[in-house]
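Sequential numbering from -9 applies to the sequence shown in this note's numbering. Note that the Cβ used here is the ideal one computed from N, Cα and C, for glycine as well. Since the model is a prediction, treat every value here as computed from it, not as a measurement.
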Amino acid sequence: VIDHVSVPLHLTFKENNIFLASHTYPFYDCEEAMNLLENQPCYSCASNRWNCQWDWKRHICEESSSVQDVIKQNMEEECPQFLNPNPPIIPMEYQTTVHFEGRHLAYYQGKKFVVGNSQFEFEAPVHESDEEKFSFMSKEFSYSTNETLQLNLSIRTDKVKIDSKLMVTLYNCSYGRSDCSLCLAAHRDYNCVWCEEDGKPSKCVYDKLCHAPPTDTCPPPEITRIEPKTGPLSGGILLTIMGSNLGIKAEDVKNVMVADKACLFKEEYYSVSTRIVCQVGPMYEPKQGQIEVNINGKLGKSPSEVLFTYQKPYPSGIKPESGPQAGGTALTITGTNLATGSKKDVQVSVGSQPCNVTEFGDEIVCITGPNSKVETVDVTVDYGGTAISVPANFSYSENPTVTKFLPVNSFSSGGRNITVTGTGFGLIQSFSLVVHAERPEAGKMSLKRFGGKLVTRLNETTVVFSSPPILEDPENYNITTIILMDHYHLAVKNESHSFAYVADPTFENFTDGIKKQVNKLINAKGSNLNKAMTIDEAQAFVGDEPCNIKTLTETDLYCEPPEVQPQPKKRQKRDTINNLPEFIVKFGLREWILGRVEYDTRVSDIPLNLILPLVLIPMIAIIVISVICYRRKSQQAEREYEKIKSQLEGLEESVRDRCKKEFTDLMIEMEDQTNDISEAGIPVLDYKTYTDRVFFLPSKDGEKDVMITGKLDIPEARRQTVEQSLNQFSNLLNSKSFLINFIHTLENQREFSARAKVYFASLLTVALHGKLEYYTDIMRTLFLELMEQYVVAKNPKLMLRRSETVVERMLSNWMSICLYQYLKDNAGEPLYKLFKAIKHQVEKGPVDAVLKKAKYTLNDTGLLGDDVEYTQLTVNVYVQDGGTDSIPVKVLNCDTISQVKEKIIDQVYRNLPCSQWPKAESVVLEWRPGSTAQILSDLDLTSQRDGRWKRINTLMHYNVRDGATLILSKMGISQQPEDNQQDVPGERHALLEDENKVWHLVRPVDEIDEGKSKRGSVKEKERTKAITEIYLTRLLSVKGTLQQFVDNFFHSVLNSNHVVPPAVKYFFDFLDEQAEKHDIKDEDTIHIWKTNSLPLRFWVNILKNPHFIFDVHVHEVVDASLSVIAQTFMDACTRTEHKLSRDSPSNKLLYAKEISNYKKMVEDYYKGIRQMVPVSDQDMNTHLAEISRAHTDSLNTLVALHQLYQYTNKYYDEIINALEEDPAAQKMQLAFRLQQIAAALENKVTDL
């Protein structure tokens, strides 16, 4: 019965759906409350927690009121009621008079009562014998399922129930008392007797139901069976004797004999009438005999088939004879008469350790326990306290160990055969496998187990197991693989590494589901294909027939199909396209069906005798015409040939050598050498630094901008006043009417430049960061106005093209705020790896410190167009006050000293954020070739000179060789050797001379010495240009090396199947909604809006400026390559087709092949987002509120308000006028409030 329901209530403000409070309220029903207790309506009502009262006149439970003569809440003891039945227990099958009491029955004087029970359909009149004394006669209740039964009795008068606490217990003497002893042992209150009537079977009944004199004594005892049937000669084991009439109590058992030998009675195990337990005594020789019991002088013997046998067990041997120290070996003991006694009477010991008995019979099997050392021990079997030694010893051997395992990993879907090599496997009887996976942050609470049975022992040193399938994302768990060898848990690991799981590979399905013309090879594309799989293990099938795998790389699988197109599998035929077989790849336990395959069955329709004349005759005609033309042109060609012959001879040898070298470089550079990218972790900036750099680093003051430094130039005496006023100004900004007028007024000022709008919007973002929902509302309002302008002007495609308005910059900042966590958790890693990969590639080759050009780059304008010879060196660096160990650093002998310092700092301080690294100019590099020491500098008096040109010093200049020792120390004159003191002013003078020009690897081509003729200059330029084109192959080399990193970044930000930030979905839906509202059906326009609002506005900015999100320094040569990738990203986001030709820029040509794939990714990304579940305003507001709560306190909000006020001060009159003209602003007295704030901030006496 339910007397109430609990309803949760929530209080919110309707306008913005802002949550205020909530509570769960119970709604109760008094009419239901009276039914909570069976047969007690008044007590249920008055004792209830609700505000109910019992009206005993009307017999209802109602809401409490001022009415008198009712039973109020908590007055339940005053309810009319019946209680205290006597006797409380009554026999079944016999009518009994039950007496009981009544209370508070004044209202029911003269009424007739009826007692009843619905279970037995029982009703009887109630007789009143005295005041408040009552009785009734029960019926002959019949119930054979249990010994006793609780019977609840109700009392009614005039069809209404009066509270009844009458409960009696029915009991049945016959239940569970099948013999005389059990019957006489029943509780005295039951009055049970063993009834023996003539012509009827004897049974246990209630005494008044027996029509013959009851029996006081029981028949002789009977023995039906014993357990166990055998025992050792020494005795000492427990014998259980079962039967009937074995006594009413333990004292009735006078004596027990087993095979004429006394058996010691164990009173604690005795069970009335049915069981006697005794401890058998010793016997001097094997013997068999009956069991005899004496129960109060009455003897009972076991029948001839129930006999006990004394025998002597004799264990003779064990197998196996050795096992691991960890225990768990199933030890089998053989011999004769081992099945003596029972399993619980036998104990086995192996040395000092117990061996747990699991099987008992003709052979005994027990499981050995652990032993602390390697040793040979005795085995003993104990029967009832008598130990018998086994004439064989058991050897504890060293636990198994693992020395190696191959392969070292498996895909998470499992099924890979792993061969484990080690020692001690021959000792083990049973093998199984378990894999534990736990989340690092959750510990043991998150532990998950995955079992495997497929473990096979090949020999004593080798086992093979099949990796079981586990979780889909093993990289998020700590994985431990354990082979269970008997009781020993052997982890699959060695000194260097553990067996690992990696996520399953992914395969791309065939285009349109069919791979055509596959007679030679079938290519399946995917990712991470060979991460945990080899060509020998992988399987591929075309239909039912195998496809012979020829190549398996990270991204490609090539296999040779059967010569004839196979039939599809039988299970496929119902779902077959043109009866084509499926192509299936199987790695371990997992299969991928990539589509269907179609062989090239085309046959030439033209016979061979027609093909030859049709081809040969036109070919001969073309040759004849060509010869005629050639003869006419040959004379002219010979003249021109003589003219350029001299040039070709000079270039031929150079071009041959350089092309050969570049081809070799291209092959070498394709190898991946960026394995160390993720070693030091990803140095993501904290939220404040990130927003400072995105919002204010591009400003005219850069890092010294007041918003980054956070310094307010306010006299201390006025600080409190100013802060209070700025807080009032903050409240004013939170007025939508004021803020919209404020922004419109500023944008109407001619001198309010585009740069000022950008800076103003960033200040506004920080100032309103505490209420991002409000900020979003303002942005939305301004955005709708902006859209209206472009739609009216019929130029909707131009919207968001630049940041020419405050709202466009507000959108940029809004995206930056909302995508910070996404950058940190998802896209940050591939972007950081791309940056590190470019940096690594650039620094592997020469970089001209003056021209800022590199041998390895993606940017043709930043390509080092000369063949610089260089050698890689490894120098050993000692850091002053940095310990005694040297740090090996890879450098190039053509590096300048500053470049060497930067590479050393990069390596030495790689585990620290870049912002904490020392600057190259603040450290001194000292070379110690032997006992001498030399300070290394970019320019000094030893620098190479050539006229006005001075070359920057390199390691080659100082003749520093591989393995040299360098010392890095802080800048200080005292650290420089005395004999070099004079170099310092000389170096400074060399750097300051105007007439000197410096160069590093290549002299600029337009700087020709005056001695050379003008004609010679032109030739030199032509020669250089011709050679420069050869080096464009390096762009391809670098592109190939970095391709995977570029692809990974694009996939991370353009994949709607992964995490999509809610802000992106929310804003894209807003754009779709506005396009529909303005009846814009041109998909190009919507595509441009989305591209301008996210990829070009946010991602390109982050891609070109990794230091906005990471604590890194971006060198100019790295920036040049990032610009090429950023341009590729921009090209991918446009729908315009770019016509490429030989004259197209190299940067465009470089990614021409990939652009179409990237464009499709963008289209799919936009389409995928459109199909996602919408993000509601409430969800978005909750998300924004969480960002506000988490980060607002760290921002320089007060400084932003102060800076914003400067604009108010500058355009004070215009803003006041705009506010006074706006009716809404007039109503809220916004102009007056601004004047008050201005007076306080500028320390003026107001006239208001």
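Task: Under 8 Å between C-beta atoms of SER1296 and LYS62 - done: Nothing about residue 1296 can be read from this structure; the chain reaches only from -9 to 1238.
- [ ] Could you say which of LYS960, ASN883, GLN419 lies nearest to THR446 if we only look at CA atoms?
- [x] On the sequence shown, position 456 is the one that residue 446 refers to. When each option's Cα is compared against that of THR446, the closest is GLN419.
- [ ] Less than 8 Å between the CB atoms is what I'm expecting for CYS182 and ARG167, so what's the real figure, rounded?
- [x] Stepping through the sequence shown from its first residue, residue 182 is reached at position 192. Stepping through the sequence shown from its first residue, residue 167 is reached at position 177. Yes, they are in contact, since the Cβ atoms of CYS182 and ARG167 sit about 7 Å apart, within 8 Å.
Open item on the list: Going by DSSP, what residue range makes up the alpha helix (DSSP H) through ILE894?
Closed with: Reading the sequence shown from its first residue, position 904 is the one you call residue 894. ILE894 -> alpha helix (DSSP H) spans 887 to 898.
- [ ] Output the boundary residues of the alpha helix (DSSP H) element that contains TRP1079.
- [x] Within the sequence shown, numbered from 1, the residue matching residue 1079 stands at position 1089. Segment 1073 to 1083, the alpha helix (DSSP H) holding TRP1079.
- [ ] Could you tell me whether the region 99 to 107 touches the region 147 to 161, where touching means 3 or more Cβ pairs closer than 8 Å?
- [x] yes
Task: Presumed contact (8 Å Cβ cut-off) between VAL371 and VAL364, rounded CB distance - done: What you label residue 371 is simply residue 381 of the sequence shown in a count that begins at 1. What you label residue 364 is simply residue 374 of the sequence shown in a count that begins at 1. Actually they do not touch by this definition, with Cβ atoms about 24 Å apart.
Task: Cβ neighbours of PHE686 in the same chain (closer than 7 Å, five flanking residues each side left out) - done: One-based indexing of the sequence shown puts residue 686 at position 696. Within the same chain, PHE686 has close Cβ partners ASP695, MET697, ILE698, SER752.
Task: Chain-order list of residues whose beta-carbon lies under 6 Å from that of ILE1291 (same chain, five-residue window excluded) - done: A query on residue 1291 cannot be resolved here, the shown segment of the chain reaching from -9 to 1238 and no further.
Open item on the list: Whether or not the region 222 to 235 and the region 263 to 278 are in contact is what I'm after, with contact meaning three or more pairs of Cβ atoms, one per stretch, closer than 8 Å; do they touch?
Closed with: yes
- [ ] May I ask you to report which of helix, strand or coil DSSP gives HIS1048?
- [x] Numbered from 1 along the sequence shown, position 1058 holds the residue referred to as residue 1048. Reduced to three states, the DSSP call for HIS1048 is coil.
Task: Bounding residues of the alpha helix (DSSP H) (the contiguous stretch that carries LYS291) - done: Position 301 of the sequence shown holds residue 291. Careful: LYS291 lies outside any alpha helix (DSSP H), inside the beta strand (DSSP E) at 288 to 291.
- [ ] Assign GLN30 to one of two classes, buried (16 or more other C-beta atoms within 10 Å of its C-beta) or exposed (fewer than that).
- [x] The sequence position of residue 30 within the sequence shown is 40, counting from 1. That one is buried.
- [ ] Grab me the residues of THR451's own chain with a C-beta within less than 7 Å of its C-beta, minus the 5 sequence neighbours each way, in chain order.
- [x] On the sequence shown, position 461 is the one that residue 451 refers to. Contacts found: THR411, GLY412, THR413, PHE415.
- [ ] Taking 8 Å as the cut-off, decide whether the C-beta atoms of GLN1225 and ASN7 are in contact.
- [x] The sequence position of residue 1225 within the sequence shown is 1235, counting from 1. The sequence position of residue 7 within the sequence shown is 17, counting from 1. Not a contact, by the Cβ cut-off of 8 Å.
TODO: Name the two residues that bound the continuous beta strand (DSSP E) containing ILE79.
DONE: Residue 79 sits at position 89 when you count from the first residue of the sequence shown. 79 to 81 is the extent of the beta strand (DSSP E) around ILE79.
Task: Limits of the beta strand (DSSP E) - the one that PHE1030 falls within - done: Here residue 1030 refers to the residue found at position 1040 of the sequence shown. The residue you asked about is not Phe; residue 1030 is Gly in the sequence shown. From DSSP, GLY1030 is part of no beta strand (DSSP E) but of the alpha helix (DSSP H) over 1023 to 1043.
TODO: Starting from GLU588, follow its DSSP beta bridges and name the residues at the other end.
DONE: For this step, residue 588 is matched to residue 598 along the sequence shown. In the DSSP output, where bridge partners are listed per residue, GLU588 has LYS506.
Task: Extent of the continuous beta strand (DSSP E) run through TYR868 - done: Residue mapping note: residue 868 aligns to position 878 of the sequence shown, counting from 1. Taken as a continuous stretch (DSSP letters only), the beta strand (DSSP E) holding TYR868 covers 862 to 869.
Open item on the list: In the DSSP output, what is ILE925 paired with across the bridge?
Closed with: For the purposes of this step, residue 925 is taken as residue 935 along the sequence shown, with counting starting at 1. Bridge partners of ILE925: GLU916.
Open item on the list: Is the separation between the beta-carbon of THR409 and that of VAL454 shorter than 8 Å?
Closed with: Against the sequence shown, residue 409 aligns to sequence position 419. Against the sequence shown, residue 454 aligns to sequence position 464. Contact: yes.
Task: Collapsed DSSP secondary structure at LYS576 in the structure displayed - done: Numbered from 1 along the sequence shown, position 586 holds the residue referred to as residue 576. Three-state DSSP puts LYS576 in a strand.
Open item on the list: For the alpha helix (DSSP H) containing ASP1203, name the first residue and the last one.
Closed with: For the purposes of this step, residue 1203 is identified with residue 1213 of the sequence shown, where counting begins at 1. Start and end: 1202 to 1211.
Open item on the list: Just list the residues that DSSP pairs GLY692 with in beta bridges.
Closed with: Within the sequence shown, the letter at position 702 stands for residue 692. Paired residue(s): none; GLY692 is not in a bridge.
Task: Whole alpha helix (DSSP H) elements within the region 1097 to 1133, 4-residue minimum - done: 1106 to 1122
Open item on the list: Measuring only the C-alpha atoms, how far is ILE473 from LEU444?
Closed with: On the sequence shown, residue 473 is found 483 positions in, with the first residue counted as 1. On the sequence shown, residue 444 is found 454 positions in, with the first residue counted as 1. For ILE473 and LEU444, the distance between alpha carbons rounds to 11 Å.
Open item on the list: Could you check whether ASP856 and LEU945 sit closer than 8 Å to each other, using their CB atoms as the reference points?
Closed with: Position 955 of the sequence shown, counting from 1, holds the residue named residue 945. Position 866 of the sequence shown, counting from 1, holds the residue named residue 856. In this structure, ASP856 does not lie closer than 8 Å to LEU945 by Cβ.
- [ ] Please go through the same chain and pick out, in chain order, the residues whose beta-carbon is closer than 7 Å to the beta-carbon of THR1236, but skip the five residues on each side of it.
- [x] Counting from 1 along the sequence shown, the entry for residue 1236 is found at position 1246. Residue placement at THR1236 cannot be trusted, given a pLDDT of 42 that sits under 50; what the coordinates show is reported in the next sentence. Around THR1236: GLN1225, GLN1226, ALA1229.
Open item on the list: Just to check my reading of the structure: PRO571 and GLN557 have Cβ atoms closer than 8 Å, yes? What is that Cβ distance to the nearest angstrom?
Closed with: For the purposes of this step, residue 571 is taken as residue 581 along the sequence shown, with counting starting at 1. For the purposes of this step, residue 557 is taken as residue 567 along the sequence shown, with counting starting at 1. So it is a contact: roughly 7 Å between Cβ atoms.
- [ ] Report buried or exposed for ASN235, applying the criterion of at least 16 other Cβ atoms within 10 angstroms of its Cβ.
- [x] Against the sequence shown, residue 235 aligns to sequence position 245. So ASN235 ends up on the buried side.
Open item on the list: I believe MET777 touches GLN1193 by the beta-carbon criterion, under 8 Å. Please report the beta-carbon distance rounded to the nearest angstrom.
Closed with: Locating residue 777 in the sequence shown gives position 787, where the first residue counts as 1. Locating residue 1193 in the sequence shown gives position 1203, where the first residue counts as 1. The pair is not a contact, with the Cβ atoms about 29 Å apart (cut-off 8 Å).
- [ ] Indicate the three-state DSSP secondary structure (helix, strand or coil) for MET247 in the structure shown.
- [x] Indexing the sequence shown from 1 puts residue 247 at position 257. MET247 falls in the strand class under three-state DSSP.
Open item on the list: Please report the distance separating the alpha-carbon of SER37 from that of ASN64.
Closed with: Against the sequence shown, residue 37 aligns to sequence position 47. Against the sequence shown, residue 64 aligns to sequence position 74. If you take the alpha carbons of SER37 and ASN64, they lie about 5 Å apart.
TODO: Pull up the distance between the alpha-carbon of GLU737 and that of GLN870, whole angstroms please.
DONE: Indexing the sequence shown from 1 puts residue 737 at position 747. Indexing the sequence shown from 1 puts residue 870 at position 880. Whole-angstrom Cα-Cα distance: 57 Å.
Task: Residues of its chain near GLU498, where Cβ-Cβ distance is below 8 Å and the 5 sequence neighbours each way are ignored - done: As a position in the sequence shown, residue 498 is number 508, starting the count at 1. Within the same chain, GLU498 has close Cβ partners ALA514, LYS515, GLY516, LEU584.
- [ ] Kindly indicate if chain C contains any beta-carbon less than 8 Å away from that of GLU550.
- [x] Here chain C cannot be found, since the structure has a single protein chain.
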